[in-house]
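Some notes on the structure that comes next.
Right, dumping it as structure tokens:
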């Protein structure tokens, strides 16, 4: 990941890098689960699951793979575009969480 980030141009990273479906999820915002977790509203399951703890619940509900069906098939072309998408989505979701919860307790990671 360090090498990918070193070689990926992240200038101008914005909401335009986010695919429409993911942008809609981010726009619909966050809500609390019955256990007090913080989940992206559109990603919360209709029937709550059983989780070991709140972190497990939040990771399961919010964790998603980024789509790349429309991206070039070769790694050299695909990887930088996919990384931009992931980072733009994470940043937008974190900004939305900060606005809604008025704190910075929501964290994210890209792997």
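Numbering (the working numbering), first residue to last: 20 to 130.
For every residue, glycine included, the Cβ atom is placed at its ideal position computed from N, Cα and C.
- By DSSP's assignment, residue 58 forms a beta bridge with 50.
- Under the three-state reduction of DSSP output, residue 37 falls in the coil class, being neither helix nor strand.
- The C-beta distance from residue 63 to residue 80 rounds to 6 Å, short enough to meet the 8 Å contact threshold.
- Residue burial annotation: residue 71 is exposed, with fewer than 16 other C-beta atoms found within 10 angstroms of its C-beta.
- Rounded to whole angstroms, the Cβ separation of residue 102 and residue 23 is 6 Å, and the two are in contact under 8 Å.
- The continuous alpha helix (DSSP H) containing residue 76 extends over residues 73-81.
- With contacts defined as CB atoms closer than 9 Å, residue 115 and residue 48 qualify as a contacting pair.
- Taking a C-beta distance under 9 Å as the contact criterion, residue 57 and residue 104 do not qualify as a contact pair.
- By the criterion of a C-beta distance shorter than 8 Å, residue 40 is surrounded in its chain by 86, once the five residues flanking it on both sides are discounted.
- Distances from the CA of residue 25 to each of 34, 98, 112, 113 were compared; the closest alpha carbon is that of 98.
- Under the three-state reduction of DSSP, residue 99 is assigned to helix.
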